[in-house]
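Protein chains in written order, with this note's numbering: chain A, 6 to 295; chain B, 396 to 525.
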Amino acid sequence: MASLDDLKKRIASVKSTQKITKAMKMVAAAKLRKAQESAEKGRPYSEKMNNIILNLSNGISDKENTSKLLSGTGNDKVHLCVVMTSDRGLCGGFNSNIIKKAKSYFSKISAEGKEFKIITVGSKGNNQLKRVYGEKIIENISFKESKNANYFDADKVGKMVIEKFEAGEFDVCTIFYNQFKNVITQIPQAQQIVPLNNEEDENNSDESYEFEPDEDEILSNLLPKNISTQIFKAMLENSASEQGSRMSAMDNATRNAGEMVDKLTIEYNRSRQAAITKELIEIISGAESL
Amino acid sequence: MSEEFKVEIVNPEKSFLSKEDVTEVVVPAFEGEMGILKDHISIISFLKPGIITIHSKSGEEKFYVEDGIVEFKNNNLSILTSSIFNLNEVEKNKLQNLLKLAEEEASKSEVNDQTKYLVDQKIEVLRSLN
């Protein structure tokens with residue numbers, strides 16, 4: 006059994022860890038509120054953007070000659086995966102969930118005999134992926150210095166994706182991020198952004214639009230923006246998820262530390278009592294023998 | 396019959412402005428200024444740098460935009476833009492910074508015609524504001 010002194014030291018150290026996790030939880034909760042707010046505020050923009058593009062692509066007459074960002078290159082050989090993770094750890098399963106999702110996608114693609122390339126956003130994802138997929142990572146971006154997710158950063162990633170697309174480096178692009186549902190649930194998502202697949206093809210195009218200038222030109226102007234918008238949306242969802250995940254992880258840690266302190270305190274008291282009893286027995290048996 | 400319609404301006408961060416009592420909006424569409432009144436035909440267009448003017452019951456508001464898309468449908472005008480500033484609230488030096496940035500961009504040689512056109516537009520508008 007550990008000595009009394011050791012136990013005392015352990016209790017003190019667990020207690021100070023608990024203080025830290027508690028503080029981190031508090032900070033995460035405050036940040037979460039902000040992140041959640043901006044994620045909700047950002048939704049109308051991406052929804053509207055999607056709507057307009059849907060209307061546009063419905064209104065387009067010549068489907069073959071549209072922008073390649075919409076219709077695809079016609080090939081399905083090289084996939085680009087943008088894996089978006091956080092820059093900081095201690096947030097539970099947040100990063101591992103995205104990585105897991107991405108890895109299963111990678112192995113699916115390799116099984117189909119296709120190639121893939123990876124862009125990592127956020128340093129944690131890069132750390133986890135570079136061991137196995139090091140040579141596949143073509144680009145690694147992190148926005149450590151920006152406090153909140155902002156459109157400017159998203160635009161940078163978006164422009165990079167478009168550049169690579171125009172250079173013919175890939176055919177299909179998918180982004181991986183965590184969708185924020187609530188504090189305890191975040192759903193890892195794989196969303197294809199190039200080519201755009203509008204599965205929810207509602208036929209509400211009986212309303213005809215007037216376009217100025219013509220559809221093609223608007224589309225070719227709009228689609229690159231849409232990519233940045235989708236990436237920005239993913240960044241917002243991600244930052245809300247990160248804080249939510251961190252909050253619940255730190256909450257758990259605080260609770261576990263509390264349990265540990267209780268257990269250690271009981272052990273400490275028992276051994277203290279045992280020592281006293283032992284001493285008493287020694288004194289009594291010493292007196293008896295006289 | 397009322398002559399009012401709804402306008403909503405959203406940027407990626409938030410819903411920037413939403414108004415129900417708008418009578419006329421003038422937007423700098425790509426092929427020239429475009430005034431929109433109630434019951435305009437459904438239209439989609441995109442914006443070049445310029446000034447959006449919103450006339451409403453409560454007066455007139457002006458905004459500076461650098462890019463964006465407008466959609467008008469069923470008397471709902473949506474303007475999506477990534478950079479917009481209310482001219483009543485924005486500070487002078489902010490606009491001057493934008494002008495400086497635009498001028499830097501214009502001095503680069505490797506821009507294509509369309510970007511050049513847009514940047515020139517931007518400079519022109521910003522000069523008139525400063």
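We treat Cβ as the ideally placed atom computed from N, Cα and C, and that holds for glycine.
Given residue i as reference, the closest of the options once Cα atoms are compared
| i | options | result |
| --- | --- | --- |
| B/Glu399 | B/Asp515, B/Val417, B/Phe411 | B/Val417 |
| A/Glu52 | B/Met429, B/Ser410, B/Ser440, B/Val520 | B/Ser410 |
| A/Asn63 | A/Glu215, A/Arg277, A/Ala279 | A/Glu215 |
| A/Gln248 | A/Ala28, A/Lys36, A/Lys268, A/Lys230 | A/Lys36 |
| A/Asp92 | A/His84, A/Ile104, A/Gly130 | A/Gly130 |
| A/Lys14 | A/Asp158, A/Val266, A/Lys238 | A/Val266 |
| B/Glu519 | B/Ser397, B/Ile404, B/Pro444 | B/Pro444 |
| A/Val88 | A/Ser43, A/Lys135, A/Ile57 | A/Lys135 |
| A/Pro229 | A/Leu285, A/Met240, A/Leu201 | A/Leu201 |
| A/Glu217 | A/Arg38, A/Lys30, A/Leu61, A/Ser21 | A/Leu61 |
| B/Ser478 | A/Phe157, A/Tyr138, A/Ile104, A/Lys152 | A/Phe157 |
| A/Ser246 | A/Ile289, A/Thr234, A/Lys186 | A/Lys186 |
| A/Pro193 | A/Tyr110, A/Lys20, A/Glu284 | A/Tyr110 |
| A/Phe121 | A/Val83, A/Lys152, A/Tyr138 | A/Val83 |
Distance, residue j Cα to residue i Cα
| i | j | result |
| --- | --- | --- |
| B/Ser437 | A/Ile223 | 15 Å |
| B/Lys468 | B/Ser451 | 19 Å |
| A/Ser18 | A/Asn226 | 58 Å |
| A/Lys46 | B/Asn507 | 35 Å |
| A/Gln133 | A/Lys24 | 29 Å |
| B/Lys511 | B/Lys517 | 10 Å |
| A/Lys73 | B/Glu415 | 38 Å |
| A/Gly98 | A/Ser250 | 7 Å |
| A/Leu59 | A/Leu75 | 11 Å |
| B/Gly427 | A/Glu220 | 17 Å |
| A/Asn102 | A/Gln191 | 9 Å |
| A/Glu272 | A/Glu264 | 12 Å |
| B/Val420 | B/Met429 | 8 Å |
| B/Ser397 | A/Ile57 | 27 Å |
| A/Ala280 | A/Leu12 | 14 Å |
| A/Lys268 | A/Lys39 | 37 Å |
| A/Gly291 | A/Gly94 | 59 Å |
| A/Ser213 | B/Gln509 | 28 Å |
| A/Gln41 | A/Gln278 | 52 Å |
| A/Arg137 | B/Asp434 | Looking at the sequence itself, residue 137 of chain A is Val, so the reference to Arg does not match. Going from the Cα of A/Val137 to the Cα of B/Asp434 covers about 59 Å. |
| A/Ala286 | A/Ala28 | For clarity, residue 286 of chain A is Ile in the given sequence; the question names Ala instead. The straight-line gap from Cα to Cα measures roughly 47 Å. |
| B/Glu484 | A/Lys169 | 39 Å |
Residues near residue i in its chain [Cβ-Cβ closer than 6 Å; skip 5 each side]
| i | result |
| --- | --- |
| A/Thr26 | Met255, Ala258, Thr259 |
| B/Lys457 | Ile446, Thr448, Leu482 |
| B/Val514 | Ala497, Glu500, Ala501 |
| B/Ile439 | Glu466 |
| B/Ser523 | none |
| B/Ile404 | Phe411, Leu412, Ile474 |
| A/Met240 | Ala154, Ala159 |
| A/Ile104 | Gln133 |
| B/Ser480 | It should be pointed out that residue 480 of chain B corresponds to Phe in this sequence rather than to Ser. Around B/Phe480: Tyr459. |
| A/Ala262 | Val19, Thr22, Gln23 |
Residue j beta carbon less than 8 Å from that of residue i
| i | j | result |
| --- | --- | --- |
| A/Ile236 | A/Val188 | no |
| B/Asn406 | A/Tyr50 | yes |
| A/Glu242 | A/Gln184 | yes |
| A/Ile114 | A/Ile142 | no |
| A/Cys86 | A/Phe181 | yes |
| A/Lys106 | A/Ala195 | yes |
| A/Ser294 | A/Leu9 | no |
| A/Gln232 | A/Ile198 | At residue 232 of chain A the sequence reads Ile, which differs from the Gln that was named. Yes, Cβ-Cβ distance for A/Ile232 and A/Ile198 is below 8 Å. |
| A/Ser128 | A/Ser147 | yes |
| B/Glu408 | A/Ser43 | yes |
Spatial neighbours of residue i in its chain, beta-carbon cut-off 8 Å, leaving aside the 5 residues before and after
| i | result |
| --- | --- |
| A/Asp81 | Lys119, Asp176, Val177 |
| B/Leu442 | Val422, Pro423, Ala424, Phe425, Val460, Asp462, Gly463, Ile464, Val465, Ile474, Thr476 |
| B/Glu455 | Thr448, Ile449 |
Nearest-angstrom beta carbon gap, residue j and residue i [assumed within contact, 8 Å]
| i | j | result |
| --- | --- | --- |
| A/Val126 | A/Thr90 | 7 Å |
| A/Met252 | A/Ala33 | 4 Å |
| A/Ala154 | A/Ser244 | 5 Å |
| A/Glu2 | A/Met165 | Coverage of chain A is limited to positions 6 through 295, which leaves residue 2 of chain A absent and any answer about it impossible. |
| A/Ile16 | A/Thr270 | 6 Å |
| A/Met54 | A/Thr234 | 5 Å |
Cβ shell of residue i (< 7 Å), same chain only, five flanking positions each side left out
| i | result |
| --- | --- |
| B/Leu521 | Leu490, Leu493, Leu494, Ala497 |
| A/Thr78 | Asp176 |
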